[in-house]
Every structure is written in structure tokens, then in C-alpha cells.
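Peer 1: Residue numbers (my numbering): 1082 to 1364. What follows is a single structure, and I will ask about it in a moment.
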Ligand SMILES: Cc1ncc(COP(=O)(O)O)c(C=O)c1O
């Protein structure tokens, strides 16, 4: 069971193991809708909560439900490194947690990197085999695996970036707070809830407005880059093409806009972004 709004790889991973993604709608902010058990059928094996934009799904509730339905929980924590729920890190709640260290992530390498987390020893052993051509030791192949090792250089970069992680998180939260304070009076603008809380790592600052495309063009003309995460929901993509009721996810695809948010933004740049957005809504 996969949320309809996520990065495409959440569903690609499902197809790659020979399973079928069953999509379910999200809530208004892009987290798997709480009634996802309605998607469960006798063949269902796992549910994938995605901590979209860095905001964590309620994992106590999800885990309880998954356990009662005998489903594995695979946490997609690709966007949520550094978020904690009741002091427990994103990625450590499921049977397996998946992290991404793609350069734009809160902890980013300079190229491709990622990580799986699990507390189950047998699973850990199998994952280690899979990521290195099924070899427990050199030239002994126990299963068909692949090359999914973190490149050594990228691992070294991550060790360095880790030292700046806390400081960078603080910078993200400071910028997020400035946006919240500046935009709270704009009635027609939806703001990300809970972005200053510890179970949100302020990865993306996604606002919601019916005038999304107009605002995006306006900001682009002023030299302010924005992004859409993501403009097409998975069930409506060619490889999946499933008809269904994914109203909240579709709405987010149509009205969501990610504002610049990263620790390298200078305070004067944030001033300009805020001023541009206020000017747009004053028009
Ligand atoms: C929600 C989500 N899942 C999975 C991924 C995949 O991560 P990677 O690009 O490191 O394979 C991403 C990356 O953007 C993501 O945002």
C-alpha cells in the first residue's frame, strides 16, 4: 500500500520486487490517509508510510494497525532524516526504514547515496547480501543481488556533512519560522503545519494556493526559484495508470508549491523571497 502522492521511487521499489503497488489517497498535506486499511486485500504484504516533505506519519498508530493486519511496515524516510517522533528517529519505526542522502536532502552527499535501517538481524543480513551481489564474502554468491553499495567517496562526504547537520537543521527551522511569521496573515495561503516540531525536519516548505502557477511564474520573473513536489500523482503516471479516488493527493499536486528552503540561503535572500510573496498577494 503506497500513498498516491510521493516520489515515484516509492512505487518503483514495489514493482521491482515483483509486487503490485496499491495506491491510497493522502491527507491534505500528503501523508497516507489514516483509513488506508480499506486498501488491504488478502494478498497485501506491506504498507509504506512516506514522511513526505519531512513530516512524519503517526507511526504509533500506523504500526499498531499494520501489526493487527499482519503487514510489514517499510518506512520511506527519504525526506525525513533528522525528524523524531517521541524521541525516536524517522526510519527506525518500521520493519525497515529507507533513507536517501541525495544532495538536496537534509543530510546530502555530493552524489548518490542512501541507507536501509532495521533492527531485525536476519533482515539486516539479507539486505547486506542484496546490496553486494549476494556475497557474504568475496566470490561466494548466495543469492542474486546487485551493486547498491554507497560509493566510498560519498560515504566520506557524508561523514563530513554529518558534522554540520545540527547547525543546518537549525538554519532550516529559522527560515521556516520566518516564512510562517511572514505569511500567517495571508488567508488564501495554506502553510505547512507542524514544520517547527521535532517530528518534521523542515525538508520542504510547501505552501498551498489556488494561484500556484501564477505565483510560480511571478517568483521566477523575480529570480526566485520554486519547485513542485510533485506535479503528477503516481496513479496517473503512465507506468501505473490506475483510476481511483485520490482527491487530496491530486489537489496537492495542483496547488502545492515548495519555497526555497536550505541552510545556504542568506538572510537577505529570505527577505527578498518574503517580500516577493507578500507583494504577489497584495496585488
Ligand atoms: C519520498 C522519496 N522516496 C524515495 C526517494 C528516493 O531516494 P533516492 O533518490 O536516494 O533513491 C526520494 C528521493 O527523492 C523521495 O523523495
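Don't be surprised by glycine CBs; every beta carbon is placed ideally from N, CA and C.
Within 10 angstroms of the Cβ of residue 1222, are there 16 or more other Cβ atoms? Answer buried if so, exposed if not.
Peer 2: exposed
Peer 1: Is the CB-CB distance between residue 1156 and residue 1172 below 8 Å?
Peer 2: Note that the C-beta distance between residue 1156 and residue 1172 is below 8 Å.
Peer 1: Residues in its own chain within less than 7 Å of residue 1303 by CB, not counting five upstream and five downstream?
Peer 2: 1357
Peer 1: List, from N- to C-terminal side, the alpha helix (DSSP H) runs of 4 residues or more that fit wholly inside the stretch 1103 to 1156.
Peer 2: 1140 to 1149
Peer 1: Report yes if the C-beta distance between residue 1385 and residue 1183 is below 8 Å; otherwise report no.
Peer 2: Residue 1385 lies beyond the stretch modelled for the chain, which goes from 1082 to 1364, so this question has no answer here.
Peer 1: Closest to residue 1314 by CA distance: which of 1174, 1329, 1301 and 1293 is it?
Peer 2: 1329
Peer 1: Would residue 1345 be called buried (16 or more neighbouring beta carbons within 10 Å of its own) or exposed?
Peer 2: Result: exposed.
Peer 1: Please check the pair residue 1270 and residue 1162, which I expect to be a contact at CB under 8 Å, by giving their CB distance rounded to whole angstroms.
Peer 2: Taking 8 Å as the upper bound for CB-CB distance, residue 1270 and residue 1162 are not in contact here, some 28 Å apart.
Peer 1: Please go through the same chain and pick out, in chain order, the residues whose beta-carbon is closer than 6 Å to the beta-carbon of residue 1192, but skip the five residues on each side of it.
Peer 2: So the list reads 1235, once near-sequence residues are dropped.
Peer 1: Is any heavy atom in ligand 1 found nearer than 7 Å to the beta carbon of residue 1233?
Peer 2: no
Peer 1: Measuring alpha carbon to alpha carbon, tell me which of 1337, 1316 and 1320 ends up nearest residue 1292.
Peer 2: 1337
Peer 1: Would you call the stretch 1138 to 1148 in contact with the stretch 1292 to 1301, where contact means no fewer than 3 C-beta pairs closer than 8 Å?
Peer 2: The answer is no - the stretch 1292 to 1301 does not touch the stretch 1138 to 1148, with fewer than three Cβ pairs under 8 Å.
Peer 1: Given the structure, does residue 1283 come close to ligand 1, in the sense that its CB is under 7 Å from one of the ligand's heavy atoms?
Peer 2: no
Peer 1: What residues in its chain sit with their C-beta under 6 Å from that of residue 1102, if we drop five residues either side in the sequence?
Peer 2: 1083, 1092 and 1095
Peer 1: Looking at C-beta atoms only, is the number of pairs between the stretch 1347 to 1357 and the stretch 1105 to 1117 that lie closer than 8 Å three or more?
Peer 2: Touching, no, given that fewer than three Cβ pairs across the two stretches are closer than 8 Å.
Peer 1: Do residue 1126 and residue 1110 have their CB atoms nearer than 8 Å?
Peer 2: no
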